[in-house]
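Following: one structure in structure tokens, then a few remarks.
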Amino acid sequence: MEKVRQRCGYQYGIDVEAMGSRGGLSLAWRGEVNIAVQSFSHRHIDVIVEEEDGGKKWRLTGFYGSPYANDREEAWNLLKRLHNQGEYPWMVCGDFNEIIYNFEKKGGLPRDEKKMEEFRQVLEECQLADLGYSGNWFTWERGNLPETNIQERFDRGVGNEEWRSLFPDFIVYHLPHSFSDHCPILINTENNVRKQQRENFRFVLEETFIEEVKMSWSSSTGDLLHKLSTLKKDLTRWAQQIRGNRNLKKNILTAKLAKLLEADRDDENLAEIIDTKIHLNMEIDKDERYWEQRARINWLKLGDRNTSFFHKQATLRKKRNLIQKLQLDDGRETMVSEEMMEIVRSYFARLFSNGNRLSTDRIFSEIKACVSEEDNAKLKAKFTEEEIWTALTEMGPTKAPGEDGLPAIFYQKCWSIIGKDVSYYCLQQLNNGMNVSSINKTNIVLIPKVPNPNNISQFRPISLCNVIYKLIAKVIANRIRVVIHKCIDPAQSAFVPGRLITDNVLLAYEILHTLKNKKAGKKGLMAVKLDMSKAYDRVEWNFVEKVMKQMGFNKEWVDMILKCVSSVSYSAILNGVASENFLPSRGLRQGDPLSPFLFLFCGEGLSSLMRSATTENIIKGVKASRSGPAISHLLFVDDCIMFTEATQRGATSLKQILKEYERNSGQCVNFDKSTVFYSTNTQERERSIVSQILAVRSSNDIERYLGLPSMVGRKKRLSFQNLKDRFKQKIENWSIRFLSQGGKEVFIKAVLQAILTFSMACFLIPKTLCKDLEGIIAKFWWQKSRNRKGIHWCTWEDLCLLKEDGGLGFRNLANFNVALLAKQGWRLINYPDSLLARVLKAKYYPNSNFAEARLGNLPSLTWRSVWAARGLLEKGMCWRVGKGDKISIWDDRWISGKNADRDPNHISNEDIKLVSDLIDAKNRSWKSELIRNTFEKDTAEKILQIPLAELAHKDLQVWRGELTREFSVRSAYKLLQESSQDPNGINLQTETKKFYRKLWNLEIPKKIQITIWKISLNLIPSLKNLKIKRVVTDDLCPRWHQAEEDGCHIFQQCPATKEIWNQLQLS
């Protein structure tokens, strides 16, 4: 070991010899640093590192975890002992022989969840967090065949918060390896790449900000753009003047407050304390707002002192977006800024050029003129100031600004000053001819698509457009939204009002379920999941223009839209530095409000070709049932999955369609990343031919579609294991522990519980998994800090009560799951012509409706899930009376204000069965005498109060939980919660409910509200409560020693408390 170390040029070192042919550790260093060895064993080497000339001092531990599960506990205990042996900034690196989450393993059997949990617990107890990496995801690999290959991330660096703060620019590299099954890890504590910081509009909360804007705006002349340029210069000078005074002012106020608090109290002193506190809080709020803007956290509200959290998130975000290195064309990597800038600029200049493709007539053959003259008249109507203001209010206030540096929050706050000029400029452009080249300069920023990218293709280009341009584009987009549903194929479910992403998930799952269960028949079927390469960036402008004109859009309207797209000039931003401008000849911007709709028009080319091929019987779609519609393709933006026969003819035709689509639109399929899945009856010969023609890899299942598992077997918990991993990863993010108690509540509701929404809208999640997830949330809510477990003062069910009922409004996940699935059932009832409703009806309830549907034989998991929510829909739906010929008087809910309205008290009358029997059809009025003779007085009066329309219409099923009579997940969940609660349990009085309503509506920080809530329900660590929890044995008050310390004693009866209340002199 020593010879190897010296050959590598390391004069100093410590070596731990191998035990036989296994193990062996070595730590080597050169003379520039001082190393003090603390301890070592066959599993670790622990040292203190002191840089030369009395520089930084920190602790380094090289660690080797046991490869044997039986010895793992011994290794973790060693790590815990090391944690207790020093207070230095600490970094541990090495081969831990364990992973943290399931997604850190690929191939082989799933990792034991219990073992991963033990590793996470050890890191948590030692206050160590993963340091991330750059390079290949996995650090260990075994197996030379695809079916036996296993990759895992065994090697890593972890550090405590002090170490990360000491080296904020650290970076961990996973280096290439050829001679070992482990990859080398390089940890660089001083990264030389620096990101230039753009001027952030952090001063909008300053007291003098609005006055400064007024003064500058009123004194400047010229057009809008000139006035904005002048204003920006004035505000920059003003910001520089006050920047230096910010910290000074806060320090002066803090010192002044400390001095005032030491002085004796009188009226003048108390008034000055209050005034100083207000001004100090305003300064702290400005800091919080600044870091909130830097952090880009949209779910957390201001005003609860989460500045530390925002600061840490901003630091993480900055580190994540910093581009360390890029790959050259020859495969070499460079960290030189000038070379990286040239890579970025030339890449996008090439990507956005090579346009002007020729379009063929065949691709337009199935695109019909669907936009009427009336529609065009509405689209071309004069634009108004109200539309401009509506577009502005729909923008995120702190979204990254464009080239001019002015974010939406500036326009929103200063609209009373600059609104008239901005509206006039926008309306001139919209109504009197478009010329937006001067405001259409766009910065391209690079967002990583994968962890730790090093190739330019691994970044997503986001276009930062100026707000003035976005206002104009958003107004146009809002008008397109009104007619887009007429133009887009039902197979496309993105950006079209009334269509949801879940429609495509349910449809795809149903078709894939059919393929999996198709075991008979000569011809097999296949599903091809396509990966579109740089979909937005390759869109040909002239193709979109022809599609829109073919659809019937007015030529002037199309020209106006194309001017928005074609007048752009780009500048790529690399680590805050802008490249030279370049002009594109194709492509859409991700960040332009028009782009989503223009991409849908582009996608209609593919739908047109598929419709044409289906009509000519070239392509045969797949049916979920014999009488159902054939599905040839499904689209969600650029996510595409195609279904056809698994034959040579089918594969050849599909390939030709995709090539023709590429020649016309510029859209390019990446066949290397695409996959094909076959039905069970497909012969091996056919599979081989199809895979060869399409040049895509075969798969036993299309692993995930739109982020959800496309095939779920019997082990449902395993299929949704990633939900638990995502929960734990979010919670263990080291910046989360800087959240206040109020911030934790918002984090649970807006982040953790939101992770589940998409999955729960399509699948009935196992109840045991829901309980596990609720346990994770409860543990996070009650714990004091990352490594300190908290006492659970009440049950999860109590936390899930509505806030007005004494709970915190957290979700009961099983009930929320059913409420989300009920929305799918509601859509099947109310949108019977949708593609999803037609497929499911033909397969599961061809001769009835959803309410009467049976589960059927071999149902898919998605149908079983939606079907399970029928009971909730039945409980919450009622009838709105039209003709009355579909409503049973005795069996249906139709009388408002009655809970037991299925069977109202009545006098037996067999001649009347339907509500139409109670209506005089000629006069459109109730037969009052018949009603009064049939029903009891109260019921009869309620029937007579039901309004009847003058013109008879169909009877409608409506949702009784909302005043709008439209289904909402919120009201469905509330209905489930109310029905599942024990009626003898919490039944708060009206006054108590009023108290909680007032509490949660108070304009005070969340953490104070939560503290009051805890006190009101006796959920505080009084000695009496701690004794009940067996934490202490004595519950006597430590100040008075004559009574037990409970909540009432702490806040009312204790003499010490009474003295405090007297000193406060509160009336």
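Note that UniProt numbering numbers the sequence shown so that position 740 is 740, with each residue one more than the last. Using N, Cα and C, we set each Cβ at its ideal position, and we do this for glycine too. Note that the coordinates shown come from a computational prediction; the quantities given were computed from them, not determined experimentally.
Where R481 sits in the DSSP three-state scheme: Counting from 1 along the sequence shown, the entry for residue 481 is found at position 481. The answer is helix: DSSP assigns R481 an H, G or I state.
Among the candidates L872, D891, A868 and G871, whose CA atom is the shortest distance from the CA of W879? Mapped onto the sequence shown, residue 879 falls at position 879. The shortest Cα separation from W879 among L872, D891, A868 and G871 belongs to D891.
Starting from I488, follow its DSSP beta bridges and name the residues at the other end. For the purposes of this step, residue 488 is taken as the residue at position 488 of the sequence shown. DSSP, once it has assigned bridges, lists no residue as partnering I488.
Three or more beta-carbon pairs under 8 Å between the segment 437-451 and the segment 397-414, yes or no? yes
Using the DSSP secondary-structure output, state which residues sit across from W140 in a beta bridge. Taking the first residue of the sequence shown as 1, we reach residue 140 at position 140. Partner(s): E152 and H182.
In whole angstroms, what separates the C-alpha of residue 1068 from that of K378? Absent from the structure is residue 1068, since the part of the chain shown begins at 1 and ends at 1067.
Apart from the five residues on each side of it in sequence, which residues of its chain come closer than 8 Å, Cβ to Cβ, to R5? Translated into positions along the sequence shown, residue 5 becomes position 5. The beta carbon of R5 is closer than 8 Å to those of G13, D15, S26 and A28 in its chain, skipping five residues each way along the sequence.
Suppose you measure from the CA of E580 to the CA of P461; what does that come to, to the nearest Å? The count along the sequence shown starts at 1 and reaches residue 580 at position 580. The count along the sequence shown starts at 1 and reaches residue 461 at position 461. So the two alpha carbons sit approximately 16 Å from each other.
Measure the beta-carbon distance from L914 to I887 and round it to whole angstroms, keeping in mind my assumption that it falls under 8 Å. Mapped onto the sequence shown, residue 914 falls at position 914. Mapped onto the sequence shown, residue 887 falls at position 887. Confirmed, about 6 Å.
Answer yes or no: the CB of L145 versus the heavy atoms of the ligand ADP, is any distance below 7 Å? With respect to small molecules bound, the structure shown includes none, and the ligand ADP cannot be examined in it.
By Cβ distance, which residues of its chain are closer than 7 Å to G790, with the 5 residues on each side in sequence left out? Within the sequence shown, residue 790 is the residue found at index 790, counting from 1. So the list reads W782, Q783 and K784, once near-sequence residues are dropped.
Would a C-beta distance cut-off of 8 Å place P1021 and W1040 closer than the cut-off? Position 1021 of the sequence shown, counted from the start, is the residue given in the question as residue 1021. Position 1040 of the sequence shown, counted from the start, is the residue given in the question as residue 1040. It is not a contact, given that the beta carbons lie outside the stated cut-off.
Near A75, what residues of its chain come up, given a Cβ to Cβ distance below 7 Å and the 5 sequence neighbours on each side ignored? In the sequence shown, residue 75 corresponds to position 75, counting from 1. Cβ within range, chain order: R43, G65 and S66.
Compare the beta carbon distance of I100 and D71 with 8 Å and say whether it is the shorter of the two. Residue mapping note: residue 100 aligns to position 100 of the sequence shown, counting from 1. Residue mapping note: residue 71 aligns to position 71 of the sequence shown, counting from 1. It is not a contact, given that the beta carbons lie outside the stated cut-off.
At least three beta-carbon pairs within less than 8 Å, the segment 361-376 to the segment 483-497: yes
Inspect the beta-carbon positions of N452 and G135 and report whether they are closer than 8 Å. Here the question's residue 452 lines up with position 452 in the sequence shown. Here the question's residue 135 lines up with position 135 in the sequence shown. Contact flag set, yes.
How far does the beta strand (DSSP E) with I1060 in it reach, from first residue to last? For the purposes of this step, residue 1060 is taken as the residue at position 1060 of the sequence shown. I1060 -> not in any beta strand (DSSP E); alpha helix (DSSP H) instead, spanning P1055 to L1064.
Which residue from V881, T230 and R960 puts its Cα closest to that of E950? Locating residue 950 in the sequence shown gives position 950, counting from the first residue. Considering only alpha carbons, the answer is V881.
So what does DSSP say about I618, is it helix, strand or coil? Here residue 618 corresponds to residue number 618 of the sequence shown, with the count starting at 1. If DSSP states are grouped into helix, strand and coil, I618 belongs with coil.
For G62, does the three-state DSSP call read helix, strand or coil? In the sequence shown, residue 62 corresponds to position 62, counting from 1. G62: strand per DSSP, three-state reduction.
Y88 and W58 closer than 8 Å at C-beta: Locating residue 88 in the sequence shown gives position 88, where the first residue counts as 1. Locating residue 58 in the sequence shown gives position 58, where the first residue counts as 1. Yes, Cβ-Cβ distance for Y88 and W58 is below 8 Å.
Could you spell out where the alpha helix (DSSP H) holding D375 opens and where it closes? If you number the sequence shown from 1, residue 375 lands on position 375. First-last of the alpha helix (DSSP H) with D375: E373 to L379.
Give the range of the beta strand (DSSP E) segment to which N34 is assigned. Residue 34 sits at position 34 when you count from the first residue of the sequence shown. Note, N34: beta strand (DSSP E), V33 to S41.
State the start and end residues of the unbroken alpha helix (DSSP H) segment that holds residue 1083. There is no way to answer for residue 1083, as the model of the chain reaches only from 1 to 1067.
Taking the CB atoms as reference points, tell me whether A921 and K823 lie closer together than 8 Å. Taking the sequence shown and counting its residues from 1, the one referred to as residue 921 is at position 921. Taking the sequence shown and counting its residues from 1, the one referred to as residue 823 is at position 823. Contact check for A921 against K823 fails: the beta carbons are separated by 8 Å or more.
Drop a sphere of 10 angstroms on the beta-carbon of L145, count the other beta-carbons inside from all chains shown, and report buried for 16 or more, exposed for fewer. The residue labelled residue 145 in the question sits at position 145 within the sequence shown. By the 10 Å Cβ count, L145 comes out exposed.
Kindly indicate which residue of S569, I657 and N251 has the alpha-carbon position closest to the one of A578. Reading the sequence shown from its first residue, position 578 is the one you call residue 578. Considering only alpha carbons, the answer is S569.
Where does C8 sit, in a helix, a strand or coil, going by DSSP? On the sequence shown, residue 8 is found 8 positions in, with the first residue counted as 1. In the three-state reduction of the DSSP assignment, C8 falls in the coil class.
Length of the line joining the Cα atoms of C1048 and I1012: Taking the sequence shown and counting its residues from 1, the one referred to as residue 1048 is at position 1048. Taking the sequence shown and counting its residues from 1, the one referred to as residue 1012 is at position 1012. Taking the straight line from one Cα to the other gives about 13 Å.
What is the residue span of the beta strand (DSSP E) that Y570 lies within? Taking the first residue of the sequence shown as 1, we reach residue 570 at position 570. S569 to L574 is the extent of the beta strand (DSSP E) around Y570.
Quick check on the burial criterion: 16 or more other C-beta atoms within 10 angstroms. Buried or exposed for S438? For the purposes of this step, residue 438 is taken as the residue at position 438 of the sequence shown. Exposed, since its Cβ has fewer than 16 Cβ neighbours within 10 Å.
Within 10 Å of its beta-carbon, does T482 have 16 or more other beta-carbons around it, so buried, or fewer, so exposed? If you number the sequence shown from 1, residue 482 lands on position 482. One point to set straight first is that residue 482 is Val, not Thr, in the sequence displayed. V482 is exposed by the Cβ-count criterion.
Following the continuous beta strand (DSSP E) through F763, name the residue where it begins and the one where it ends. Reading the sequence shown from its first residue, position 763 is the one you call residue 763. Element bounds for F763: n/a, residue is neither H nor E.
Residue range of the unbroken beta strand (DSSP E) whose run includes W890: Taking the first residue of the sequence shown as 1, we reach residue 890 at position 890. W890 -> no beta strand (DSSP E), and no H or E assigned at all.
For D903, which residues from the same chain have a beta carbon less than 7 Å from its beta carbon, with the 5 sequence-adjacent residues on both sides left out? Here residue 903 is taken as the residue at index 903 of the sequence shown, counted from 1. Caution is warranted here: a pLDDT of 47 is assigned to D903, below 50, making its placement in the model unreliable, and the coordinate value is therefore given only provisionally. Around D903: W890.
Could you tell me the alpha carbon to alpha carbon distance between A900 and K883, rounded to whole angstroms? Within the sequence shown, residue 900 is the residue found at index 900, counting from 1. Within the sequence shown, residue 883 is the residue found at index 883, counting from 1. Model confidence at A900 stands at a pLDDT of 43, short of 50, so the residue's coordinates are unreliable; what they give is reported in the following sentence. Distance between the alpha carbons of A900 and K883: 23 Å.
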